[in-house]
Each structure stands twice: as structure tokens, then as C-alpha cells.
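One structure is given here, and the rest of the page talks about it.
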Amino acid sequence: MIDTYGLRDPAYAGQKVEGIPHPTVYVLDKRGRVTWALVESDYKKRPANDDIRAALDALK
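For the record, in the sequence shown the residue sitting at position 24 is 24 according to this note's numbering, with numbers rising by one throughout.
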């Protein structure tokens, strides 16, 4: 899935832990399509719950 969505972090290329993804949150609709995404390079940054809730509410 990391490669399917292009999330492989190149900072870890060639290292023992190669394959580490960028921290990512996806909201998918019933068909499996991505309707909202947040991809970060800093694992400490997380989306606010309100942002995720708004994305989920938009699916209704």
C-alpha cells in the first residue's frame, strides 16, 4: 500500500528500515475512492479530529 499510494519516505532509502511511509490519513467513500487526505513528512503533525469529522460528514 505504501508504494500504491506513493508514500514511501525516501529519507530511509537503503537503510535497515527502508519502506517507512510518510504519516498519512485517508478518508475513503463507499467505493474506496479517496475523498480526503493528509500526507505529512513530520510524524508529529496530526490532523485535528474536527478536520477528519468534517471529511466524514461530507460523505453523507
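Even for Gly, the Cβ is constructed at its ideal location relative to N, Cα and C. Computed from a predicted structure; not experimentally measured.
Please report the distance separating the alpha-carbon of residue 58 from that of residue 10. In the sequence shown, residue 58 corresponds to position 58, counting from 1. In the sequence shown, residue 10 corresponds to position 10, counting from 1. One C-alpha to the other measures close to 33 Å.
Output the boundary residues of the alpha helix (DSSP H) element that contains residue 54. To locate residue 54, count along the sequence shown from 1; it is residue 54. 49-57 is the span of the alpha helix (DSSP H), which, as asked, contains residue 54.
Exposure label - residue 34; buried when at least 16 CB within 10 Å: Your numbering for residue 34 matches position 34 in the sequence shown. The Cβ neighbour count for residue 34, taken over all protein chains shown within 10 Å, is under 16; the residue is labelled exposed.
So for residue 37, helix, strand or coil by DSSP? The residue you call residue 37 lines up with position 37 of the sequence shown. It is a strand residue.
What I want to know is whether the C-beta of residue 17 ends up closer than 8 Å to one or more non-hydrogen atoms of the ligand ATP. In terms of ligand content, the structure shown is empty, and the ligand ATP therefore cannot be addressed.
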